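Reminder that position 86 of the sequence shown reads as 86 in UniProt numbering, one-by-one numbering, no gaps. Just so you know, even glycine gets a beta-carbon here, dropped at the ideal spot from N, CA and C. The structure presented is a predicted model; accordingly, all values stated were derived computationally and were not measured.
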Amino acid sequence: MSAYDNSTSAPNTNGGGITKKSVSINVKEQSDKVKADFSNLAAARTTPTTQAATGQPLTHYHSFFYSLLSWENPRASGIAYLASVFFIFAARYLNFVRYLFKITYVVLGITIMAEVSGKVLLSHGFTSQIRPKKYYTVPKETLNLIIADLHELINFFVIEAQQIIFAENLPVSIGAFVAALFSYFLVRFVPLWALCLLGTSSLFLGSLFYVSNQEMIDQHLACTADVINKQTEQVKVLASQQAARATKQTMLFMEDYSIKAQGMISGGRRPSNQVQIASNASKTEPSLKKENASSLNIEDFPVVPVEEFKPTPISEDPITLIGSEHNLISA
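The following block contains the structure:
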């Protein structure tokens, strides 16, 4: 091996490995990419062309949060997730109200001491010397922009809540239902900050998992929807068959009961017909008697005797009585 080969194969002590220059270049490139992602995320705040189911236009925060949670700008989404986690832990372990009061009294103490010491030593206070000539005020245009942006943000949450409640997007409504159900049971033994951390992680990391495996997840969802549709069709066919069978059976029962009811009604009418016939017969008999009576004359009846009836004298002679009895027997 030559000396030249040894020199080329030896490690470069000056620039071998990662140099400070390459590290600075890499940091600058990553910072530029982060700035570009945040610029793209800010530019995503545009009113979407799609509308709600009611025909109402959506807010520009719909596009903003869709771009944030879909990880279209991964560095911006990752930083937003880490910032949310940091804020949750800070709210859990840091007493913001106490630190706010501490900062307030420290600042006021410094300004008061500077003003008093300046007036005592130099006959003019230090704080009054650095006082601005004109106090800062919030411009009306800036305030209007803030109010308009806040109005859009509030409307975003209001519209999104109504879309979830009225199931405009069924998968989102199902996800919200599952989240609310688990939160109802977890809130009993999980603190609020842990529940917020779990919800934030599920929101960001769940959407990241879906974006990373969208093709596979969509394929499984399509297969599941196909199976559900087939089962639904089978259930509909079975339900229609059972309904037709039940309808037919009901019609047979109705016909049977109608025949029995007609028989009972006809059986109940027979005695009334007989009573009516008897009443008609009783009505016709007096009329027939009247007709027969009107057809008879007085000459058809015998003459009524006028004289009183005289009984025949009976003799006391027994022979005569026997003879009369014999005559009656012979007659």
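The alpha helix (DSSP H) spanning residue i covers which residue range?
| i | result |
| --- | --- |
| LEU153 | 140 to 165 |
| VAL129 | Per the sequence presented here, residue 129 reads as Gln, with Val not at that position. It spans 126 to 129 - the alpha helix (DSSP H) in which GLN129 sits, taken as one unbroken run. |
| THR111 | 96 to 122 |
| THR200 | 192 to 212 |
| VAL27 | 20 to 43 |
| VAL85 | 74 to 93 |
| SER183 | 170 to 186 |
| PHE65 | 60 to 69 |
Short of 7 Å in beta carbon distance, which residues of its chain neighbour residue i, apart from the five on each side in sequence? Order them along the chain.
| i | result |
| --- | --- |
| ILE164 | VAL172, SER173 and ALA176 |
| VAL275 | Low local confidence applies: a pLDDT of 45 at VAL275 is under 50, so the model's placement there is unreliable, and no value is given. |
| LEU181 | none |
| ASN155 | THR59 |
| TYR210 | ILE217 |
Compute the beta-carbon to beta-carbon distance between residue i and residue j, rounded to the nearest angstrom, for a pair I have assumed lies under 8 Å.
| i | j | result |
| --- | --- | --- |
| LYS28 | ARG75 | Going by Cβ atoms, the distance from LYS28 to ARG75 rounds to 14 Å, so no, they are not a contact pair. |
Give me, in chain order, the residues of the same chain whose beta-carbon lies closer than 6 Å to that of residue i; leave out the 5 immediate sequence neighbours on both sides.
| i | result |
| --- | --- |
| SER77 | LEU68 and TRP71 |
| ASP37 | ASN73, ARG75 and ALA76 |
| LEU252 | none |
| THR142 | none |
Hey, out of the options, whose CA is closest to residue i's CA?
| i | options | result |
| --- | --- | --- |
| GLN162 | ALA44, ASP37 and GLN56 | GLN56 |
| LEU197 | GLU233, ARG92 and ALA53 | ARG92 |
| SER31 | THR59, ILE79 and HIS62 | ILE79 |
| PHE204 | GLU168, VAL158 and TYR66 | TYR66 |
| THR200 | HIS60, LYS260, PHE89 and TYR61 | PHE89 |
| PHE166 | THR142, ALA42, ALA52 and ALA44 | ALA52 |
| HIS62 | CYS223, ALA179, HIS220 and VAL158 | VAL158 |
Under 7 Å: does the beta carbon of residue i sit that close to some heavy atom of the ligand ZN?
| i | result |
| --- | --- |
| ALA180 | As for the ligand ZN, it is missing from this structure, which has no ligand bound. |
Considering only residues of the same chain and omitting the five flanking positions on each side of residue i, which have a CB-CB separation below 8 Å?
| i | result |
| --- | --- |
| THR19 | none |
| LEU195 | SER183, LEU186 and VAL187 |
Report yes or no: do three or more beta-carbon pairs, one from the segment 42 to 57 and one from the segment 20 to 29, lie closer than 8 Å? With the cut-off at 8 Å, the segment 42 to 57 and the segment 20 to 29 do not touch.
Do three or more CB pairs link the segment 68 to 85 to the segment 213 to 223 at distances below 8 Å? The answer is no - the segment 213 to 223 does not touch the segment 68 to 85, with fewer than three Cβ pairs under 8 Å.
Any contact between the segment 100 to 117 and the segment 226 to 240? By contact I mean 3 or more CB pairs, one from each, below 8 Å. Touching, no.
Okay, do the segment 115 to 133 and the segment 235 to 244 touch, 3+ Cβ pairs below 8 Å being the bar? With a cut-off of 8 Å on Cβ pairs, the segment 115 to 133 is not in contact with the segment 235 to 244, counting fewer than three such pairs.
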